[in-house]
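*Asks:* FYI, in this note's numbering the residues of the sequence shown are 6 to 327. For reference, the structure I am asking about is given below.
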Amino acid sequence: MSIFWNVWIIFPTLLVIAGCFLLLRACSKNKTGIEEGESMGHKFDGIEELNNPLPKWWAYMFYISILFGLIYLALYPGLGSYQGLFGWTSSNQSVGYEEGIKVDSKKAVELAKSENRLSQYDREVAAADEKYGPIFAAYLATPLEELVKDEEALKVGGRLFLQNCAQCHGSDARGSIGFPNLTDNNWLYGGELATIKTSIMNGRNGMMPPKGGLPIEDSEIQGLAEYVFKLSGRDHDATLAAQGQASFMKGCFACHGMDGTGNKFMGAPNLTDDAWLYGSSRLQVMQSIANGRSGVMPAWNDILGEEKVHVISAYVYSLSNK
């Protein structure tokens with residue numbers, strides 16, 4: 006978790022607790038200038054308001070609740086990425102401390118396995134690994150070139166895709182604005198089997214800085230967009246496109262190539278085709294040039310493991326090579 010999100014969680018949480026304490030203290034003091042038990046001078050429907058203090062049992066209950074909250078947040082997770090003094094996680098809840106020594110989550114799971122004290126979740130995961138582990142191990146031992154011909158493996162890859170990848174790429178894998186379509190043959194980093202697996206395993210971090218990080222003025226952006234349209238064979242303003250070409254030669258070619266066909270090693274898009282990751286309208290293209298784009302695909306190796314990534318890679322390759 007980044008520092009920003011840590012602060013975003015920790016600061017409001019502690020602020021609310023401190024605010025409750027200060028509000029309780031303020032309400033416990035008589036600042037009205039009227040003696041306790043005396044009339045506040047308000048009457049309605051035969052009911053008279055008296056300056057009565059908060060009940061002590063009620064106030065003490067809230068003080069205890071605040072103290073309990075602080076102790077809880079010190080011992081258990083609740084403040085950003087802070088794990089708490091007990092280092093509790095859902096994986097080690099059946100172990101916690103062992104002879105008074107804090108056990109980290111991985112050691113806790115190993116210890117729980119050795120003593121048959123796994124949580125329900127870990128028991129289910131262990132059972133699934135025991136049942137399906139050999140199947141995925143066999144898939145991993147199969148070269149991708151052969152795996153793409155295995156219909157059963159592709160069905161497994163399809164289910165894994167729906168569970169983990171469809172949130173961004175869609176259940177039909179056609180993507181949306183900012184998320185690539187995996188059913189065509191337009192690949193930012195290459196569509197070879199090994200390249201697809203590398204992309205899924207390690208993730209990708211695309212970065213186009215605003216105006217390409219070049220000395221391009223705002224007045225040049227429209228011309229650049231028209232030149233991009235010219236490269237892709239779309240209708241364009243020839244005069245503006247000529248001006249945009251001069252702007253392109255300030256350095257855009259370093260990533261997109263002199264002919265605009267892109268660079269798969271860098272993930273720089275091919276500007277001569279009709280694939281538009283962030284939209285194809287003039288406004289969207291100009292926004293891409295002016296503001297830059299930063300696309301991130303997470304690495305799945307640590308989440309799914311190479312065995313499952315291997316199967317998903319074969320499935321994704323099959324989508325655009327049917």
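Idealized CB from N, CA, C, for every residue including glycine. Nothing here was measured: the structure is a model prediction, and the numbers come from that model.
Classify Y87 as helix, strand or coil using the three-state DSSP reduction.
*Replies:* Y87: strand per DSSP, three-state reduction.
*Asks:* Looking only at its chain, what residues have a beta carbon closer than 7 Å to the beta carbon of S252, apart from the 5 residues adjacent to it on each side?
*Replies:* Excluding residues within five positions, the ones whose Cβ falls inside 7 Å are I221, E225, G228 and L229.
*Asks:* Grab the span of the alpha helix (DSSP H) containing F26 for me, first residue to last.
*Replies:* Counting along the chain, the alpha helix (DSSP H) containing F26 begins and ends at I8 to C32.
*Asks:* So, are the CB atoms of L236 and L288 less than 8 Å apart?
*Replies:* For L236 and L288, no; Cβs fall outside 8 Å.
*Asks:* Whole angstroms is fine: what's the gap from I294's alpha carbon to S176's?
*Replies:* Approximately 30 Å, taken between the alpha carbons.
*Asks:* Enumerate, from N- to C-terminal direction, the unbroken alpha helix (DSSP H) stretches of 4 or more residues contained entirely within the segment 197-245.
*Replies:* Whole alpha helix (DSSP H) segments, 4+ residues: 198-207 and 226-236.
*Asks:* Helix, strand or coil: how does DSSP classify F184 here?
*Replies:* The answer is strand: DSSP assigns F184 an E or B state.
*Asks:* Measure the C-alpha to C-alpha separation of M213 and V301 and round it to an integer number of angstroms.
*Replies:* The straight-line gap from Cα to Cα measures roughly 12 Å.
*Asks:* Can you tell me whether DSSP reads L159 as helix, strand or coil?
*Replies:* In this structure, L159 counts as helix in the three-state DSSP scheme.
*Asks:* Can you name, in chain order, every residue of its own chain whose Cβ lies under 8 Å from the Cβ of C25, other than the five neighbours on each side?
*Replies:* If we look at C25 and ignore the five residues flanking it on each side, its Cβ neighbours are F67 and I71.
*Asks:* Rounded to a whole number of angstroms, what is the C-alpha to C-alpha distance between G180 and S286?
*Replies:* Approximately 17 Å between the Cα atoms of the pair.
*Asks:* Using alpha carbons as the reference points, say which of N268, G89 and F73 lies closest to L80.
*Replies:* Answer by Cα proximity: G89.
*Asks:* Considering only their Cβ atoms, is the gap separating M206 from N268 smaller than 8 Å?
*Replies:* Going by C-beta atoms, N268 is not nearer than 8 Å to M206.
*Asks:* Identify the residues that DSSP records as bridge partners of I349: which are they?
*Replies:* Nothing in the structure corresponds to residue 349, since the chain is present only between 6 and 327.
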